[in-house]
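Notes follow the structure.
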Amino acid sequence: MTRFLSLWTLFVLLSMSVCARFSFALDVYQAEVSVRDQSPDARVEALGRALLEVAVKASGDANAGNNSVVLSAQASAERYMQRYAYRQAIVRENGVPVIKLYLTGTFYPNSIQQLLQRAGLAVWGRERPVVAVYLFEGDAPLSTEYRQAMQERSARRGLQLRFPGGVAASELADPETLALKLASPGAHALFGRVNERLYLS
């Protein structure tokens, strides 16, 4: 199970025009998913899941993976694939270290864009905003565990988070002043306190 933060008691999102130094180029046409082994059947199944993830990243639509046109392309994901690679990693499951196998699928941008167009979905460019996050658990900054969970989830949605610090929890009492402090041209920031945790698979 992956722990993820779901609700903030106080938050402000500063969304102004994005400029180059507050954006990054994301390889939205690549996704990494777990795979049970390196057999052809497992590869086809994993590439199908990677295709759905890429559809979400490339469109910016969280529901793109449920689109009927995109789902119909899942079984033939290899047609859209440019290359794939495997890697092993040691991860913890219920506190126990286990070796897991992952597949990274890279897809042809033009093919994915055409698929999204057939599905009636928008195509989001590679340049994405970087969101600065100032969230607290009580008066303490977020733990490394929750930062990693947020970064992993946001990356699957095609966004990048930063946790720059420089803000005290006490400053949340005056959101307007804090917004002015954090605001700068092209900046995107999210700040507040966490009051609910959601456990997601």
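Position one of the sequence shown corresponds to residue 294 (my numbering), numbered consecutively onward. No residue lacks a Cβ here, since even glycine has one placed at the ideal position from N, Cα and C. Here the structure is a predicted model, which means the values were calculated and not measured.
Given a threshold of 16 other Cβ atoms within 10 Å of its Cβ, counted over all protein chains shown, does Lys474 qualify as buried or as exposed? Result: exposed.
Check whether Arg455 and Val487 have beta carbons under 8 Å apart: Taking C-beta atoms as the reference points, Arg455 and Val487 fail to come closer than 8 Å.
Does the region 362 to 381 touch the region 335 to 343, meaning 3 or more C-beta pairs lie closer than 8 Å? Yes, the region 335 to 343 is in contact with the region 362 to 381.
Would Ala324 be called buried (16 or more neighbouring beta carbons within 10 Å of its own) or exposed? When all chains shown are included, Ala324 counts as buried.
Given that a residue counts as buried once 16 or more other Cβ atoms are within 10 Å of its Cβ, and exposed if not, what is Ala482? Counting of Cβ neighbours within 10 angstroms places Ala482 among the buried residues, the total reaching 16 or more.
Reference Val416; option with closest CA among Ala351, Pro333, Phe484, Gly485: Residue Ala351 is the option with its Cα nearest to Val416.
Endpoints, alpha helix (DSSP H) assigned at Asn449: The question names Asn, but residue 449 in the sequence shown is Arg. Note, Arg449: alpha helix (DSSP H), 437 to 449.
Would you call the region 400 to 416 in contact with the region 436 to 451, where contact means no fewer than 3 C-beta pairs closer than 8 Å? With the cut-off at 8 Å, the region 400 to 416 and the region 436 to 451 do not touch.
Could you pull out every residue in the same chain whose Cβ sits closer than 6 Å to the Cβ of Arg440, ignoring the five residues on either side in sequence? Excluding residues within five positions, the ones whose Cβ falls inside 6 Å are Phe456.
Cross-strand partners of Arg376 (DSSP beta bridge): Looking at the DSSP output, Arg376 bridges to Thr399.
Residues that DSSP places opposite Val384 in a beta bridge: Under the DSSP definition of a beta bridge, Val384 partners with Val391.
Please report the residue range of the beta strand (DSSP E) in which Ala324 lies. For Ala324, the enclosing beta strand (DSSP E) starts and ends at 323 to 327.
So what's Gly485 in DSSP terms, helix, strand or just coil? In the structure shown, Gly485 sits in a strand (DSSP, three-state: E or B).
Would the beta-carbon of Asp334 fall within 8 Å of that of Leu394? With a cutoff of 8 Å on beta-carbon distance, Asp334 and Leu394 are scored as not near each other.
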